[in-house]
Amino acid sequence: MSSSSAFTENRGRGPLHGVRLIELAGIGPAPFAAMLLADLGATVIRIDRPVPAQLGIERPLKFNLLLRNRQNLAIDLKSEAGRALVLELVERADGLIEGFRPGVTERLGLGPDPCLARNPRLVYGRMTGWGQDGPLAQAAGHDLNYIAMTGVLSWIGRPDQGPVPPLNLLGDFGGGGLYLALGMLAAILESRASGRGQVVDAAIVDGTASLATSTFGMHAAGLVGPRGTNILDGGAPFYDVYRCKDGKYICVAPIEPRFYAELCRLLGHSADAIGPQQDRQAWGATKERLRQIFESRTRDEWCALLEGTDACFSPVLEPGEAAAHAHLKARQTFVEVDGVVQPAPAPRFSRSVPRTPRPPEAPSGHGSLDALRDWLGEEGAGKWSGQLAQA
Numbered sequence: 002m003s004s005s006s007a008f009t010e011n012r013g014r015g016p017l018h019g020v021r022l023i024e025l026a027g028i029g030p031a032p033f034a035a036m037l038l039a040d041l042g043a044t045v046i047r048i049d050r051p052v053p054a055q056l057g058i059e060r061p062l063k064f065n066l067l068l069r070n071r072q073n074l075a076i077d078l079k080s081e082a083g084r085a086l087v088l089e090l091v092e093r094a095d096g097l098i099e100g101f102r103p104g105v106t107e108r109l110g111l112g113p114d115p116c117l118a119r120n121p122r123l124v125y126g127r128m129t130g131w132g133q134d135g136p137l138a139q140a141a142g143h144d145l146n147y148i149a150m151t152g153v154l155s156w157i158g159r160p161d162q163g164p165v166p167p168l169n170l171l172g173d174f175g176g177g178g179l180y181l182a183l184g185m186l187a188a189i190l191e192s193r194a195s196g197r198g199q200v201v202d203a204a205i206v207d208g209t210a211s212l213a214t215s216t217f218g219m220h221a222a223g224l225v226g227p228r229g230t231n232i233l234d235g236g237a238p239f240y241d242v243y244r245c246k247d248g249k250y251i252c253v254a255p256i257e258p259r260f261y262a263e264l265c266r267l268l269g270h271s272a273d274a275i276g277p278q279q280d281r282q283a284w285g286a287t288k289e290r291l292r293q294i295f296e297s298r299t300r301d302e303w304c305a306l307l308e309g310t311d312a313c314f315s316p317v318l319e320p321g322e323a324a325a326h327a328h329l330k331a332r333q334t335f336v337e338v339d340g341v342v343q344p345a346p347a348p349r350f351s352r353s354v355p356r357t358p359r360p361p362e363a364p365s366g367h368g369s370l371d372a373l374r375d376w377l378g379e380e381g382a383g384k385w386s387g388q389l390a391q392a
C-alpha cells in the first residue's frame, strides 16, 4: 500500500494516540508544537483565557489553523479554582506546553515544581525566544530578533541589499516549534522508561542555531562568503529564481554537474555555452544568459519542457496554486477542512495514519464539558462544570 493510499483510508489514530498533553494558550511556536503533536494523534487540551488577550495577528477562528485538533477550555489561571483544575488535569497528562516569559507560570502557581509534584512523570515543555536564562531572558522579542541574534539572518538576501526576513518560518516554527515538539517526544520516551519527568527548555535562539549547523560548518571552513554570493543563497546562477515572459517565476537548482549539464541540454545549449558551472568569476555573465533565456517563454511553457526532468526545476507557485498542482494533489499534501484549504498532517505513516484534522474550536460550549469528561470522567467533569461556566 502506498503512503498516499494509506492516508486516504484515514483508518488509524496517529502514532501518538494515547499521549495526553496540556497546552497553556499562547501564540506562534508553542501552538505550532502542540498542533504537530495533535496532528499525529496526541490528545491536546488547550487552556485558554476567559477573555482574549489580543495577542498575535487576529483572524476568524476557522483560519487560525495552528489551533486545529484541540480540545479547549476557558479557565481563569489567576483564580485558585482555575489553578486547581489545571493541576488536576496535570495528574493525568504526559506533558504540558507553555510559551510565556520565564517566571510567568511560577507566579501563577503552575510552574514545573508544583506540576511535577502532582505528576512526577510529567514532561514540562517551555517555549521562549531567548531561553529560560541569560541576559536577555526577560526581554520581549519576535522571530526576526532571534534569527538576527544567531547570525543566521545575516546570510539571507541579495548581495546589494540588506538581510531579508524569511517570514517567521526559520525562527518561530523551524527553530522553535519543531524543536519543542522534538524535545517533548524525546522526554516523554525517556519518562516512560525512567518514570521521571523533566523540563524541556526550548529556546528559538538555540533551535535556529542548530538548524544552521551545516552552514556554520561551511563558514568555519571558509566556504561561505558575503551574503548573496554563495551557492545556496542565490549567488550561483544554477541555484536561483528567474522571471518568465508572463511575469511569473521559476527556479532551478542543479547543483550537481550532471544535473547542470542536463538543464543546459534541455535549454538547447552546452554547459560551456551557457557558462562554466564552477567558475565564480563567470557567474554574473552566466546568470544574465539564463535570465534572458527564461524571459523568452512563459512559466507554463517552461513547465512543459522542464518539469519532471533531472534539471532540478520547479515553478514558483502562488499559495492558491500549490494545492492544485498535480503532484501535491496526488499526495494529498493539502486537505480542505471546514471550507479552509490547509496543509495535511506530516509526515506519513504506513500504519498509524493520522485522522483528518478537526477545525479550531472555541473554548466554550458543550465541547469544553466533553473535554473534561474525556480527561476526568463524569464525576470529575461535574465537579468542575461550574468553574467552566464562570469562565
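The numbering used here puts the sequence shown at residues 2 to 392.
The beta-carbon is built from N, C-alpha and C at its ideal position, and this holds for glycine as well.
Just so you know, these numbers come straight off a predicted model, no measurement behind them.
I need the DSSP call for residue i, collapsed to helix, strand or coil.
i           : result
residue 133 : coil
residue 244 : strand
residue 205 : helix
residue 92  : coil
residue 251 : strand
residue 216 : helix
residue 199 : strand
residue 33  : helix
residue 343 : strand
residue 126 : strand
residue 44  : strand
residue 165 : coil
residue 337 : strand
residue 97  : strand
residue 273 : helix
residue 350 : coil
residue 311 : coil
residue 280 : coil
Please report the distance separating the alpha-carbon of residue i from that of residue j.
i           : j           : result
residue 398 : residue 43  : The displayed coordinates of the chain run from 2 to 392. Any statement about residue 398 would go beyond what the structure contains.
residue 200 : residue 127 : 7 Å
residue 287 : residue 248 : 21 Å
residue 140 : residue 88  : 28 Å
residue 106 : residue 168 : 29 Å
residue 273 : residue 291 : 13 Å
residue 121 : residue 111 : 14 Å
residue 224 : residue 231 : 8 Å
residue 383 : residue 93  : 17 Å
residue 31  : residue 182 : 9 Å
residue 354 : residue 333 : 13 Å
residue 135 : residue 246 : 52 Å
residue 217 : residue 254 : 21 Å
residue 276 : residue 237 : 11 Å
residue 100 : residue 28  : 8 Å
residue 244 : residue 117 : 56 Å
residue 19  : residue 374 : 16 Å
residue 359 : residue 104 : 33 Å
residue 394 : residue 145 : The requested residue 394 is not part of the displayed model; the chain covers only 2 to 392.
residue 109 : residue 78  : 7 Å
residue 337 : residue 321 : 13 Å
residue 281 : residue 304 : 28 Å
Residues in the same chain with beta-carbon distance under 8 Å from residue i, minus the five sequence neighbours each way, listed in chain order, please.
i           : result
residue 335 : 323, 324, 329, 342, 343, 344, 345
residue 235 : 159, 229, 241, 242
residue 206 : 130, 131, 132, 147, 150, 151, 176
residue 377 : 89, 90, 93, 384, 385
residue 142 : 130, 131
Give me, in chain order, the residues of the same chain whose beta-carbon lies closer than 6 Å to that of residue i; leave out the 5 immediate sequence neighbours on both sides.
i           : result
residue 210 : 151
residue 45  : 22, 24, 35, 39, 71
residue 153 : 209, 213
residue 157 : 164, 165, 167
residue 203 : 128, 180, 181, 184
residue 364 : 49, 73, 74, 75
How far does the alpha helix (DSSP H) with residue i in it reach, from first residue to last?
i           : result
residue 144 : 144 to 150
residue 118 : 113 to 119
residue 266 : 258 to 267
residue 155 : Per DSSP, residue 155 belongs to no alpha helix (DSSP H) and is neither H nor E.
residue 302 : 300 to 307
residue 106 : 105 to 109
residue 318 : First-last for residue 318: undefined, no H or E at that position.
residue 295 : 284 to 295
residue 69  : Unbroken run through residue 69: none, as it is neither H nor E.
residue 332 : 327 to 332
Got a sec? Which residues, its chain only, sit under 7 Å from residue i by beta carbon, not counting five neighbours each side?
i           : result
residue 227 : 160
residue 26  : 47, 48, 49, 50
residue 301 : none
Tell me where the beta strand (DSSP E) around residue i begins and ends.
i          : result
residue 22 : 21 to 25
residue 75 : 72 to 75
>> When you compare the region 61 to 72 with the region 80 to 99, are there three or more beta-carbon pairs, one atom per stretch, that lie closer than 8 Å?
In response: no
>> If contact is defined by three or more beta carbon pairs under 8 Å, each pair taking one atom from either stretch, is the region 184 to 198 in contact with the region 260 to 276?
In response: no
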